[in-house]
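Asker:
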Amino acid sequence: QKEVEQNSGPLSVPEGAIASLNCTYSDRGSQSFFWYRQYSGKSPELIMFIYSNGDKEDGRFTAQLNKASQYVSLLIRDSQPSDSATYLCAALYSSASKIIFGSGTRLSIRP
Amino acid sequence: GAGVSQSPSNKVTEKGKDVELRCDPISGHTALYWYRQSLGQGLEFLIYFQGNSAPDKSGLPSDRFSAERTGGSVSTLTIQRTQQEDSAVYLCASSLAEGFTDTQYFGPGTRLTVL
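These protein sequence lines are chains A and B, in that order. Counting from 2, one number per residue, gives the positions in the first sequence under my numbering. Counting from 5, one number per residue, gives the positions in the second sequence under my numbering.
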């Protein structure tokens with residue numbers, strides 16, 4: 002079992018709709034979780050991190066964490082074509098000296 | 005200001021050769037991270053330097069990999085006796101504060117191809 006799992010996609014969402022990206026993790030001791038966006042051929046960039054159960058909102062992005070279910074999600078409201086990218090979920094290992102990434106979900110926003 | 009820079013941008017080497025990859029973090033950033041990304045895959049964490057502390061090397065994939073950070077600034081990732089499975093993009097990132105929760109700024113990466 003992979004330590005951080007994501008659906009590889011592609012996930013196709015119409016422009017203006019809500020895109021929902023999901024991630025599960027296996028290390029119950031993980032405390033912090035991250036969402037990165039990576040455009041094709043480019044380096045990743047951090048969108049958000051979350052460490053408390055519940056929701057964390059930043060503009061059009063909302064991260065959701067459910068530690069009991071070991072589940073993290075990222076919602077993108079009012080999706081734009083520029084949101085088309087691969088989204089990487091990551092969990093900070095309980096030892097806090099290692100970060101584990103999922104293989105990413107490819108998101109495509111269709112005009 | 006300048007971002008994270010990495011050199012070389014591309015490296016083609018023959019199996020069995022040693023390679024050195026360099027990372028110049030953003031000035032003043034205390035933490036430096038190395039990752040690699042194989043084609044179509046997510047990021048694989050390799051090693052993390054925080055301040056002057058000795059790094060946790062458990063993420064390095066084999067003992068052919070080593071990394072150092074001199075003077076709390078520039079870092080070098082060395083791969084000895086390269087193998088074809090080492091082919092990947094090697095990414096370096098730095099952050100102002102220590103700990104993964106501070107925003108990491110990534111460099112453009114070094115694309116390593118082992119023939």
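In this text, a Cβ means the ideal position worked out from N, Cα and C, and glycines have one as well.
(1) When DSSP labels each residue in this structure, what does D67 (chain B) get in the three-state scheme?
(2) Per DSSP, what are the beta-bridge partners of G55 (chain A) in this structure?
(3) Can you give me the C-alpha to C-alpha distance between P59 (chain B) and I51 (chain B), rounded to a whole angstrom?
(4) Listed in chain order, which residues of the region 47–66 of chain A have Cβ atoms closer than 9 Å to some Cβ of chain B?
(5) Less than 8 Å separating the Cβ of T34 (chain B) from some heavy atom of the ligand HEM?
(6) Quick check on the DSSP output: the beta strand (DSSP E) that includes K15 (chain B) runs from which residue to which?
(7) Determine the DSSP secondary structure at S83 (chain A), reduced to helix, strand or coil.
(8) Got a sec: is the Cβ-Cβ distance from S27 (chain A) to anything in chain B below 9 Å?
(9) Quick one: any contact between the region 69–82 of chain B and the region 104–112 of chain A, if contact means 3 or more CB pairs under 8 Å?
(10) Near G7 (chain B), which residues of its chain fall below 8 Å by C-beta distance, leaving aside the five closest residues on each side in sequence?
(11) Would DSSP call D90 (chain B) helix, strand or coil?
(12) Can you give the beta carbon distance from G55 (chain B) to E102 (chain B), rounded, assuming they're within the 8 Å contact cut?
(13) Rounded to whole angstroms, what is the Cα-Cα separation between G20 (chain B) and R68 (chain B)?
(14) Cβ of K99 (chain A) less than 9 Å from any chain B Cβ?
(15) Suppose you measure from the CA of L76 (chain A) to the CA of L47 (chain B); what does that come to, to the nearest Å?
(16) Specify the secondary structure class of P15 (chain A) as computed by DSSP and reduced to three states.
(17) With DSSP collapsed to three states, give me the class of I48 (chain A).
(18) Give me the Cα-Cα distance between T107 (chain B) and R85 (chain B), rounded to the nearest whole angstrom.
(19) Do the CB positions of D28 (chain B) and V78 (chain B) come within less than 9 Å of each other?
(20) According to DSSP, what are the bridge partners of T82 (chain B)?
(21) Which word fits D56 (chain A), buried or exposed, when buried means at least 16 other C-beta atoms lie within 10 angstroms of its C-beta?
(22) For the region 40–47 of chain A against the region 7–18 of chain A, are there 3 or more C-beta pairs whose distance is under 8 Å?
Answerer: Concretely, from the data shown:
(1) coil
(2) A:L66
(3) 7 Å
(4) L47, F50 and Y52
(5) Annotation note on the ligand HEM: not contained in the displayed structure, which lists no ligands.
(6) N14 to T17
(7) helix
(8) no
(9) no
(10) I30, Y109 and G111
(11) helix
(12) 6 Å
(13) 11 Å
(14) yes
(15) 21 Å
(16) strand
(17) strand
(18) 34 Å
(19) yes
(20) B:E24 and B:S70
(21) exposed
(22) no
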